Each structure stands twice: as C-alpha cells, then as structure tokens.
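Worksheet: one structure, shown below.
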Amino acid sequence: MDDDNYYIVLCKNPTRFEPVSKANNVFFDDANKQVFAVRSGGAMGVVMKGPDERPMAPFRMEDRGDIVSIKFSPDKKILAAQRSTKTVEFLNFQEDFSTDPQEYSQACKGKTTIIRGFVWSSYNEIIFITTGGLEHYQVIPEKRTLKNLKSISLQVNWYVWLAPSSLLLVSSGTLGNTLHPFQFKSPGVITRLPKFEADLPVTPRPQKLTLLDRDVIMATIYDHLYIVVLRHPQSTSFGAEIVLYQLQKEGPARKTDVLRLDMSGRFAINVVDNLIMVHHQASKTSVIFDIRLEGKSDGYVMYHFPVLSPLGIKPFKLLLPSVNMQAGTDKTEYNCELYSANWIVFQPDIVIDAKLGCLWTLQINLNPLVTMIPDKDRLIQFLLNRSDSKPVILNVCAQMLVPGKQASLQHLAKVYDLLNVTYKQHLEMEAQLSAGELTMAGVTAKKVVIEQPDMFTHVFSIFEEYKDIKYKFMVAVLIEYIRSLNQFGIPVQHYLYELIINILVHNNCFYQLHQFLQYHVLSDSKPLACLMLSLETVYPPAHQLALDMLKRIQTANEEIIEVLLSKQQLLPALRFIRSVGNVDGVSSRKFLEAALNTSDNMIFYTVFKFFEQRNQRLRSNPRFQTGEHCEQYVKQFETLFGSDALMPVPSIQ
Amino acid sequence: MSASASETISLLNFFVFNTEYGPREGEEEKKILYYYPPEVDIDTKIKRIGLSEAIVKFSETFSDKPCQSLHTQKARQVFFEPESCFWMIMTVSIPFKEKVKDGQNVTEYREDHVQDSVFESILRQAYKMFKLFNGTFTTILNRANGEVELLKQRLEHFYNKYLLTLKIAQGDILDIFNGIHFLPLDKNTYLRIQCFINSLEATFPFIKYTAFLYNEKLVWSGLEQEDMRIMYKYLTSSLFPTYLEQELHGQGRPPSGFGHFGRFMTGPPDLNDERNMGKLPRVYVNTEEIDEECYLIVYTALSATICLLVNVRSPLNVLLCRKLDAMLGPQMTKLASDIGEQYSRRVASLNSAEPVFKYVYFNHMNLAQQTTVHIDLQKRSGVNIPPDILRLLGDINADLTKGNEDGETIVKTTTDYWVVGKKSDQREFYVVINQRSANLIEINEEVKRLCSTYLNNIFFLD
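Residue numbers (the working numbering), protein chains in the order written: chain A, 76 to 728; chain B, 170 to 631.
Listed below in structure tokens is the structure:
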C-alpha cells in the first residue's frame, strides 16, 4: 500500500557511519562519495566508508587541529586534509592501506589569500581554490612534495565541483553571480570556459554577495551539463524558481529552462535519473521536474511546472539495536525524521543525516506514478526517459487494452508513436554501429526501447487473457501499431501480421483481410503466403493472394510450382516455368507424377511430351536418364499410348 | 421511326412474376407482380407472362440449368430467377437497318449487337438494386404477413423510377463485370485512413459499417464484397451524379462548419435545424445478418466520401450528426487533401506516357476493375474505341467464360484493330491495339510487355 503512495524513496540500505558528536566529526567527499568519521581530529582514528565498497580499516592521523576538509585522491593513495585556511596536508597510503607516518603539506600563494577549498582533478593532481584564484598542483608522493603546474588569478567567493565531468564552477564578483566554469579533462590542462552571469531577481543596495553556493549545483541532465541556480523570490508571495544554464560547446552557458516552484523558503536540489528533484523543508515535500516533458516556451526559454503536485518522501524505518532488552527483541524500528534539519544533500542523489549517521541515495519508484499521471501520453513520455522503466511502460500499454480501462484509439495512437520514435532512433543507431559509422563510445546512455517482441509478448498477449475484448478493437489496435511502425519506416515483424490475420479469420472477416493485403498493409513474405494458402479452404480468394505474393517475392518460384502442382494445374505450371526460364532446372518426375494424379490422359500425354522435348534439346535424346527416376511414368505412357507414341531416338549418324 | 432510333437497343418490357401464384385458369393475373410498360393491357401482360413461364418450364426438360435467354428476330429476352419461383424477365429490341436490296426494302436485324451476358447482368443488377433498398421479395412478404399487394407496391415504386435511369443502349463489358474501381494508394496513407475509420467507429459505436471512397474509387469497405458491389453501383451511378448535378446548378449544400470542407450528402441539410434529418436512404445489407436495415449517411469533403451505415434501431438525430460532423469535417478534409496530392501526382505520371493501347482489367476475386477504354469510370463521356470493338470485348469475355479455363484469344478486325483477351486464374485482361502494320508475333510480344509492366505485381500467366 505504501508503495502506491510515494514515488520518491530513500535507498533500502543506507551507508551507516558514526554520528556526529563532540568527539566525532563527519565529512563527506561527494567526488568519491566517501564519508569520513574523524575522532578527535584523527588521533583516535578515521573511518572512511564509500557507498559501494567495504569499509576501509580505520587509520590514525596526528591531531594537529580541527579538520576543515578531508578528501582522498581518486585512487585512494593520497589523503588530503585541510586544517587551516592556508595549507593543505597530505598523507601517503600504501597498497595495503597502511599510512606513511610522515605527512607533508602545501601552502597557498600570497599572504592574504585564504584557501576556500580543494578538489582532486586527477589521481595525482589537486586544485586549491583560494580567495585569489586557482592553484593547480601535481602531487609527487614519493618525494612528498607538490609541484605548481599553473595558477589563475581570480577573485573567488565560492566554488562548486562536479567530479564526474571534472567541472569546476567559480563564483566571482561582488554579487557572486559572475560564474566561471573550468574543465579539467586531461591531466595538467585547465580549460577555461566562457564566464557568464546568472541573473538575479533583484540587485541589493548596497551591493553584497547575493548568489550563494548553497543555491547553485551542477548536474548532467540528458547528456548535457547544466548549472542549476535556485532563484529566491523577491517576496514570499511569489514562488521560487530554478534556472538552468546549459553549458555550450561554444560561447557562454545559455539559460534554457526555468522550473517554477510556487513555493518559497529553503530548498535542496538533487538530480535522480535525469529528473530534477527539489525538496522543500518547510512543507516536508518534494517535487520533480522533467525538462524533456513539454513546457511553455517564450521563444528562448522553456518554462516547466512540476510533473506532479508536491509529495513527501516515503517514510523510512531504520532497524536499531534495541535499548529495551526486556522487550525480547534485539532490534527496534526507528522512524527516521524526513526533511530533518540535520539533513544535507549532495549531488547528484545523496542525502546525509549526520546526527543519525546515515547516507542514502534517492530513488524514483515508477509504479505509483502510473496512477498519478492520468494523461497516458505524458506518462509514456515521462517513462521513456527513465532508466528502468521498460516493465512499467509495457504494463501501462497492456492496461490500456484491458476491458473497462480501455484507452481510446486516439490515445493509443499517440502512445505508439512515442514508443516508435525512440524505437526508430535505436534502430538507426544500431545500424550505424554495425556499419562502423559509430563506435560504442559514441553511444550515450542506454535508453529504454520498446520493440515489437516486447509489445507482442507483454502487451498484445492481453488479447489472449481477456476473451471479452471485441475483435474490432483488437484489429484497430494492431492496425494502429502497424500504422505507427510504418510511419517511422520500421519493418513490421511477421508475428504481428499473423496475429491480425488470426483475429480476422476467427471472426470471418475475410474481405477485410483481402483489402489489407490488396493495399500491402501486410507485407509480403513466404510465411504469410503459406498462411494464406492454408486459408484457401475457408476463403478461396486466398489462393490468388498467396500466388501473387509468392510472385512478388521473386525468390519463391519453387513454391509457386509446388502450389500449382498440388492444385493439379499442370499446364499453368509448365507455362510458369517457361515464363521464368526454369524449364531445364525442374524435376521431370515431380511433374509427371502430378500429371498422372490428374487422371487426365491428355494432360499426362502433354506433360510427358513436354519433357521428352526437353530431353531432346538438352541431350539430343528424348529418353529420361536413370537419375530422373521416371521409369514408372515411361511404362505408364507406353501402356496408355503404346511405345510408338514415344519420340523416336535419333539414329547415330 | 427514325433511322437512329432503329440502330439502338431499347427496353421493350420488364416484368416480375411468381409461378406459384394464380395456378388456376382465370387467375393468371395474380401471377403478375410488376409489369413495364404499365400502359399495356392486361391480356397482353398475361400472355407474355404465360409464354415466359411456358418457356421456363419447357426448357427445364432439357437442362438442369434454368432458362437464360430467348433469341427472336426482333427481340431478345433474358430470364432470371432471383428467388425461388420469382422470375424477372427483361426484353430488349434488336437494332435493325432498312436497306434497299435488289430494289426491295429489306430490314436487316443485327442480332450480334445484343449480347446476352450484358443484359443478363443488367437484369441481375436491377434485382440487386431493388434488394439493396427493399430487401428480398421473401423478406417483404414475410414482413407483410404474405400480403402480396405490399410487394407489388414496392416493386412499382422502385422500378418505375429505376427503369427510366437504365441506359440500356450503353450496356457493355463493364456491366458484365460490375466491378469496383479501387484507388491506388501508398501503404502509409491507407493505414491513416484505416486508423481514422477505426477511431470513428470506436467513438460512435452506432456506426455499424463504413466505406471510404475517393474520387468515386473505393479505398475501404467494412461491408461484405457483394453488399459493397451493389452499394458502389448505387453511389457511382445514382447518388454521386445527382449530387454533382445539384452542385453544378448551385443547389449544393454549403460546408457544415468553418475551417473544413465537410458536408452531409445524405442526412441533415442544415445542422442548425434540429427537426430536419433530410433525406436519409435506408438500405438492406447482408454483412452480419440477413437483410439488415440500415440508414445510409454519406458525408463528403473535397473528393473524399465516407458512407456510414447505422442500424435503423439505433436512434439517430441531428444532434448526433452535429457531433459526427465535428469529427468528420476536419479529418476528412485533411485526409482528402493528402490523398489528393498523391493522386494528382500519380495521374500526372500516368498521363505523361499516353499509351497507344487501351485496356480493361477485371479480377473476379476482389471485383477490382480498371479501364482505359472508357473515358471516365461511370461511362458518362463515352468510350475511346469503336462500338464494334467494344462489343468484341464482350464476345471474347463470353468465350473465355464458357470454357472456364485460363486462355487467350487474339483477334484482328477488318478495321485493323488487334484485340487480345487473356484470362488467368480469375483475372481477365483485354487489350485493344490500333497498330495497322503489326503482325501476330509483334502483338503477342507487345501484350507480354504490357503484362510485365502493368501486371508485374500479380501472378498472371502469359
């Protein structure tokens, strides 16, 4: 029941760590997704836990003052810790995670500069972000020194780091809204991207820092990098907005989307499965935005509203060792406070409750959304953009056919078109891959694709389950799907045709079937032709349709001969092989046998003479060769017409 | 009598009788259900019917097949027993010419100008058309508790008008086939039309059957083939021309809504007048049940026409028609203009290579018929070939039909026309080539070439 009501959930198994206390400080490095529990400045031990790795053995550090920030290099060989505003200290780790007793440090440049923070840009490169700019260092652990690679002077208010894309955003200017993106794609190189200004709702007088780091995140959404800026309203009577600036290959970041919140106060932003998730602490609710869903455009910017009205995160119960031993249970359930003041969110999808010692990732549960988004068109669009939505989409499509809940054909048409747009893109990409025009590396995130076998097994199978679906509806649905496939130029699989033919045949709609074939709605194929042949007894024109189809396939001459012979149409069969120039290739025995079966002596005579002539032409001798196994028919011919009727063998000159 | 009148075939009489009625002497009058021309005196009527019945009975002794036609010097009579004991007879005149031979006036009757197959077909059609609008004779009698008078009224009401519209003299091979012209269309457009009809029928479940036509050519029929065949005949030979005539005389209906060209051809003339459903034909179809009575609503937009059949038991009013119009108007307009674009391209490509030959094609399996022998599909503007050549097509058809086997006939006329008739597995193909110098081999090759270009998509043996 609970599952049906909440679509935002916290992951089942949070990473647990020692909660924050007087003796224990907790740090989170969102680049490596590692939590550090630091007891007494490290002297009593440091415990590091990543989300998907075994806890590392605790290690000790000298307590030389409170730690401000602590981060491992990506390969976990070097630990960087900042204890003062001027220096960062380093500690080398061995392969077995034992520490090198000797720490070393690096101070920032300039007397008055202060280190705002540091980030690892590669396994042995680090960037100090100071009030005076960026300092790029290479760490040389074996020498226990750092080498300055490059420095950039820039007034810095704060910075944001997006580790997966090695993107650094630096705030500058009095208002803080001049944003400088830097990218560190290859070691040793800083790429400075064009700066841009985030627009502010109002410029305060006197000017002061207005754009704060807590209101800015960076995220990859649908393969594009965005700088996401929360814009607080001028007064509480207006709702806050989130502005998306898309980083451009050329030129400064461009404002592309605005998300309307209709609420104000404190917000936290996450990005889960390409959805922008906004948590509102005051109301203890969250909303999601999908920038792929249609919004309103003013020609420059798309304005979006939340996909659904605000809703809380699904309640989370934590099993804690029981304090009450008399109760007999060793664990008690603890209802975690959601949207707690102790919560801190990190990108893209992390929530940490430091007091509780819990780290969760946020997830989207798609099933409840099915009933929450009544517009199927919009629902399918939404689901197609999610990562694990295939079973949900198929279920939605199947439910649209169930009696009592049946969707209108217009809606089905729209949904099938949506499915087939992505299906077509997928097929094109596969074709490019196999042609070598595209490499696997060029293929972006795997998209959900609903293909014909999926529809056949999971959606149209509904027709078998519910016997009370009207055949007219079934045919209409299949035709709609076939129309959509054709519209996108996707070849239709044979089993869909078979399904539609079976429905039509079961309901005696032969004339409709005939018309479909006449307009080649059901594409030609040998199996389809054979199916038509099998229908001849119930619908005689099927024979003609089958022969026409075999003729068009062009590679089915053998089958045509078989059909004609089975119908005892000997003369048409002979005329046919002559017209396709295959007289020399066919088996004379097969024809003679069929001719004899007609019990029409004239036919038998004609066929026999036809092949005598062929023998004569091929080998200058009218007799059949032993390999042709025609002795029986020669004997029969002699019995019927006498041996004088045989063509005389030419005498050798 | 003027010379021209004598050269054409005209209807002499047309009557319906039942051999079971009035069996006793003196009661023969009861046999007569309908007689044309009506002004004929009763004795003549009785005599004619008596003679016909006698011929039917007499011929039964020689053959299992019922009597089909009676040839006399001045007239040709065709027989048809559509329902048990109900006979329909039609007699047409044999055209003649007054000639002076050896100083004497001689009347030369051209018996070969009247083809049995054509008039048998016309007679059958006359029955089927009656059945379309009235149901079978038996159904009418059953509904009237055996009251023959009602059947007589129906026959009189229907045939008095129908016989006047018969163009007896224009009968030709197309009447024998009585086929359907299908619109060639690409798969995607066809599927769009399909989906439109499906969605229409799902939105308005009272629509029992639907047929879609463009430029008087059929695209889709939800009716069974035989129902569609006669319905197609009615639409193309009666309803469409009448409607067109009204439009030409400025009496056409304006489009029923803004932004589209849709309008009802049958049904409410004015959607704002809720009391006027207009003239709404009732037809009897046999697709799902026998003699099912349906309203025939015909709606048109540009060159596209859709026929909606609604069972008479379903309530139908102007309000519903207004809802229909709201869906049909815009969608039909869009479909029509899309088809039109494709259609004009196709026509343009066909006209660019004006062929030196004319052909008629017919497929018995789906009733598909094509002709370039006729200037337009409904024979309104005449034919492209001399009348004797047109008759020759009918004769070859009769020959090929008799044998009921695949075959080919090549004829060279004294006027240097080559006429080729081919039949292959239920399909017939007739070609007329006017090529003076050609020989048999060349013509044979030419026809082979034509078959491979025009009939390459089907299994048609040379």
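In this text, a Cβ means the ideal position worked out from N, Cα and C, and glycines have one as well. Only a predicted model underlies this, so the values are computations on that prediction, with no experimental measurement involved.
At the level of alpha carbons, what is the spacing between residue i and residue j?
i: residue 596 of chain B; j: residue 592 of chain A; result: 17 Å
i: residue 579 of chain B; j: residue 589 of chain B; result: 4 Å
i: residue 390 of chain B; j: residue 206 of chain B; result: 37 Å
i: residue 140 of chain A; j: residue 155 of chain A; result: 14 Å
i: residue 184 of chain B; j: residue 221 of chain B; result: 10 Å
i: residue 406 of chain B; j: residue 501 of chain B; result: 23 Å
i: residue 194 of chain B; j: residue 215 of chain B; result: 11 Å
i: residue 479 of chain B; j: residue 465 of chain B; result: 7 Å
i: residue 393 of chain A; j: residue 166 of chain A; result: 36 Å
i: residue 261 of chain A; j: residue 276 of chain A; result: 37 Å
i: residue 401 of chain B; j: residue 349 of chain B; result: 7 Å
i: residue 368 of chain A; j: residue 485 of chain B; result: 42 Å
i: residue 174 of chain B; j: residue 263 of chain B; result: Annotation note: pLDDT 43 at residue 174 of chain B (below 50); position unreliable, no value reported.
i: residue 593 of chain B; j: residue 526 of chain B; result: 20 Å
i: residue 358 of chain A; j: residue 336 of chain A; result: 13 Å
i: residue 752 of chain A; j: residue 301 of chain A; result: What is shown of chain A runs 76 to 728, which leaves residue 752 of chain A out entirely.
i: residue 233 of chain B; j: residue 226 of chain B; result: 11 Å
i: residue 541 of chain B; j: residue 178 of chain B; result: 24 Å
i: residue 461 of chain A; j: residue 429 of chain B; result: 40 Å
With 16 other CB atoms within 10 Å as the buried threshold, where does residue i fall?
i: residue 210 of chain A; result: buried
i: residue 638 of chain A; result: buried
i: residue 475 of chain B; result: buried
i: residue 557 of chain B; result: exposed
i: residue 663 of chain A; result: buried
i: residue 82 of chain A; result: buried
i: residue 514 of chain B; result: exposed
Any heavy atom of the ligand FMN closer than 8 Å to the beta-carbon of residue i?
i: residue 461 of chain A; result: Judged by which ligands are present, the structure shown has none, so any question about the ligand FMN falls away.
Going by beta carbon distance, what residues of the same chain come within less than 8 Å of residue i, once the five residues before and after it are set aside?
i: residue 423 of chain B; result: 432
i: residue 650 of chain A; result: none
i: residue 555 of chain B; result: 584 and 586
i: residue 538 of chain B; result: 343, 346, 348, 349, 350, 529, 530, 531 and 532
Can you give me the Cβ contacts of residue i inside the same chain, cut-off strictly under 7 Å, excluding the 5 residues immediately before and after it?
i: residue 603 of chain A; result: 569, 572, 597 and 624
i: residue 632 of chain A; result: 655 and 657
i: residue 366 of chain B; result: 379, 381 and 389
i: residue 332 of chain B; result: 180, 183 and 205
i: residue 578 of chain A; result: 546, 549 and 550
i: residue 184 of chain A; result: 210 and 226
Leaving out five residues before and five after residue i in sequence, what residues of the same chain have Cβ atoms less than 6 Å from its Cβ?
i: residue 362 of chain A; result: 353, 381 and 385
i: residue 145 of chain A; result: 102, 111 and 156
i: residue 235 of chain B; result: 250
i: residue 449 of chain B; result: 435, 436 and 464
i: residue 275 of chain B; result: 268
Going by C-alpha to C-alpha distance, which of the options sits closest to residue i?
i: residue 489 of chain A; options: A:479, A:456, A:463 and A:500; result: A:456
i: residue 24 of chain A; options: B:257, B:463 and B:352; result: Any question about residue 24 of chain A goes unanswered here, given that chain A covers just 76 to 728.
i: residue 460 of chain B; options: B:213, B:333, B:262 and B:301; result: B:301
i: residue 219 of chain A; options: A:164, A:301 and A:451; result: A:164
i: residue 294 of chain A; options: A:672, A:251 and A:243; result: A:243
i: residue 441 of chain B; options: B:313, B:364 and B:492; result: B:492
i: residue 314 of chain A; options: A:303, A:338 and A:334; result: A:338
i: residue 454 of chain A; options: A:426, A:433 and A:487; result: A:487
i: residue 383 of chain B; options: B:192, B:468, B:622 and B:294; result: B:468
i: residue 536 of chain B; options: B:387, B:196 and B:315; result: B:387
i: residue 201 of chain B; options: B:213, B:418 and B:186; result: B:186
Which full runs of the beta strand (DSSP E) of 3+ residues lie inside the segment 267 to 292 of chain B, going along the chain? 273 to 278
Give the list of continuous beta strand (DSSP E) stretches no shorter than 3 residues that lie fully inside the segment 535 to 605 of chain B. 538 to 540, 576 to 581, 587 to 593 and 596 to 602
In chain order, each alpha helix (DSSP H) run of at least 4 residues that lies wholly inside the segment 423 to 454 of chain A: 442 to 447
Report the residue ranges of all beta strand (DSSP E) runs contained in full by the segment 406 to 440 of chain B; include only those spanning at least 3 residues, in chain order. 431 to 433
Entirely enclosed alpha helix (DSSP H) segments - the segment 476 to 540 of chain A, minimum 4 residues: 484 to 509 and 537 to 540
In chain order, which continuous runs of the beta strand (DSSP E) of length 3 or greater are located wholly inside the segment 302 to 358 of chain A? 316 to 321, 329 to 335, 342 to 347 and 350 to 355
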